[in-house]
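Count along the sequence shown from 1, then add 282; that gives the number in the working numbering.
Input: a single structure, listed below in structure tokens.
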Amino acid sequence: MNNQDNFYSFSDHETLCSALADVISSILQKGIIKNGRASLMVSGGSTPVLLFKTLSNKNLPWTNIDIGLVDERWVAADDNDSNEHLVRTHLLQNHGAAANFTGMKTPAETATDGENECSNNLRKIHHPFDVLLLGMGGDGHTASLFPGAEKLKAATEMNSGKICIGITPVTASHERMTLSLPAILAAENIFLHITGQDKKNVLEKALIAGEAEEFPIRFILQQKETQSNFNIYWAQ
Ligand code: 6PG
Numbered sequence: 283m284n285n286q287d288n289f290y291s292f293s294d295h296e297t298l299c300s301a302l303a304d305v306i307s308s309i310l311q312k313g314i315i316k317n318g319r320a321s322l323m324v325s326g327g328s329t330p331v332l333l334f335k336t337l338s339n340k341n342l343p344w345t346n347i348d349i350g351l352v353d354e355r356w357v358a359a360d361d362n363d364s365n366e367h368l369v370r371t372h373l374l375q376n377h378g379a380a381a382n383f384t385g386m387k388t389p390a391e392t393a394t395d396g397e398n399e400c401s402n403n404l405r406k407i408h409h410p411f412d413v414l415l416l417g418m419g420g421d422g423h424t425a426s427l428f429p430g431a432e433k434l435k436a437a438t439e440m441n442s443g444k445i446c447i448g449i450t451p452v453t454a455s456h457e458r459m460t461l462s463l464p465a466i467l468a469a470e471n472i473f474l475h476i477t478g479q480d481k482k483n484v485l486e487k488a489l490i491a492g493e494a495e496e497f498p499i500r501f502i503l504q505q506k507e508t509q510s511n512f513n514i515y516w517a518q
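Rendered as structure tokens:
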């Protein structure tokens, strides 16, 4: 997955977001024509905000689009740290307000206790997912697959049969719910969206052969047998 022809670099983030929003829109529209519905799974963090805003202004058939989360902090859905809050604030606005959103947070005390209900909710989203957006942290994590997390192995076990896993990072705040690696890799189109030289340097390190647990983005980069289209979008 790490051949150079899947790496797209842009001089600025606005140009990246315009191009990526066009590509995502085209995939979703084709998915709707083919299957009647399409799905967009998004990560949180600060990087995707401009992309969310750009997508929200696209005049797509949003009532036929399911939106879900790649991961979630286990906080109230109106908490500023909530990815659901982020998506409701920036993506489920304008034309995007008509999309069908499914969050990950459940009333369960912990993410682990919420796995079954969250799995049932995720199964309501059109799958295989048409588009899945990943970010990456400076520690090489993606989704909530964090290096050093106790349940990283469980979350990346390809034969687990699990779609989501509660996981507690040691390098970030909040217990999380994350899509499992098999659930991520089942997506038809995966985009890694990163900006800045620091993250490009982390990516370069992750592209060097090594233990995936050290830089969990490697679980995606090193996959050979998955059928997903995988592309990296980077802006300076
Ligand atoms: C989250 C995200 C996470 C994010 C990276 C990058 O819930 O935090 O899903 O995986 O993509 O941490 O975050 P930034 O875009 O803020 O650098």
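Ideal Cβ placement from N, Cα and C applies to all residues, glycine included.
Problem - Three CB pairs or more closer than 8 Å across the stretch 374-387 and the stretch 418-436 - result: no
Handout entry: Inter-residue spacing [alpha-carbon to alpha-carbon] between residue 291 and residue 518
Key = 8 Å
Handout entry: Cβ-heavy atom distance, residue 325 to the ligand 6PG, below 6 Å
Key = yes
Problem - residue 285 in three-state terms, based on DSSP - result: With a pLDDT of only 48 at residue 285, under the threshold of 50, the placement of this residue in the model should not be trusted; the figure read from the coordinates follows. Three-state DSSP puts residue 285 in coil, outside helix and strand.
Exercise for the section: Say whether the stretch 483-502 touches the stretch 418-429, bearing in mind that this needs 3 or more beta-carbon pairs closer than 8 Å, one atom from each stretch. Expected result: yes
Practice task
Under 8 Å by Cβ, that's how I've got residue 470 and residue 426 pegged, so tell me the actual separation to the nearest angstrom.
Solution key: At roughly 22 Å, the Cβ-Cβ gap does not stay under 8 Å, so residue 470 and residue 426 are not in contact.
Exercise for the section: Assign residue 366 to buried or exposed, taking buried as 16 or more other Cβ atoms, counted over all protein chains shown, within 10 Å of its Cβ. Expected result: buried
Exercise for the section: Would you mind listing the beta strand (DSSP E) stretches within the stretch 422-497 that are 3+ residues and don't spill past its ends, in chain order? Expected result: 446-449, 458-461 and 471-477
Handout entry: DSSP-derived helix/strand/coil call for residue 512
Key = strand
Exercise for the section: Using 10 angstroms around the beta-carbon of residue 451, count the other beta-carbons present and answer buried if the total reaches 16, otherwise exposed. Expected result: buried
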